[in-house]
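> Residue numbers (our numbering): 148 to 237.
Let me give you the structure first, and then I'll get to my questions.
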Amino acid sequence: MSTDVAASRATSSPRLILKNIASLSASGIVERLLALVAGIFARRALGPTAIGAYSWAAAVASYPALFVNGGFGTIAKRDTAREPSQAVQR
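If you want it as structure tokens, here you go:
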């Protein structure tokens, strides 16, 4: 029983929580910077007309994705938080 308590404390320590917050924040920043750089290069390479057509097509394609997704990501996160033992481990 004491090993379960020790393991629980080790996985929820403030240091681990801060490390996870920092890595998640850093990955979000890197993702946004890469998207910005890719967007700049795409706009220069394609020009205004092609970027407009691409943006229109992306906007039209995003509407069906709203219905297909149906909030699956949010539901999966909620269910995983409720029952961590049922989560798929990668």
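Each residue gets a CB set at the ideal place from its N, CA and C atoms; glycine is no exception.
Mind listing, in chain order, the continuous alpha helix (DSSP H) runs of no fewer than 4 residues lying wholly within the region 210-234?
Qualifying alpha helix (DSSP H) stretches, in chain order: 219-229.
> If you run the structure through DSSP and keep just helix, strand and coil, what is residue 174?
Here the question's residue 174 lines up with position 27 in the sequence shown. The answer is helix: DSSP assigns residue 174 an H, G or I state.
> Which same chain residues, not among the five before or five after residue 148, have their C-beta less than 7 Å away from its C-beta?
If you number the sequence shown from 1, residue 148 lands on position 1. Residue placement at residue 148 cannot be trusted, given a pLDDT of 49 that sits under 50; the coordinates are not used to answer.
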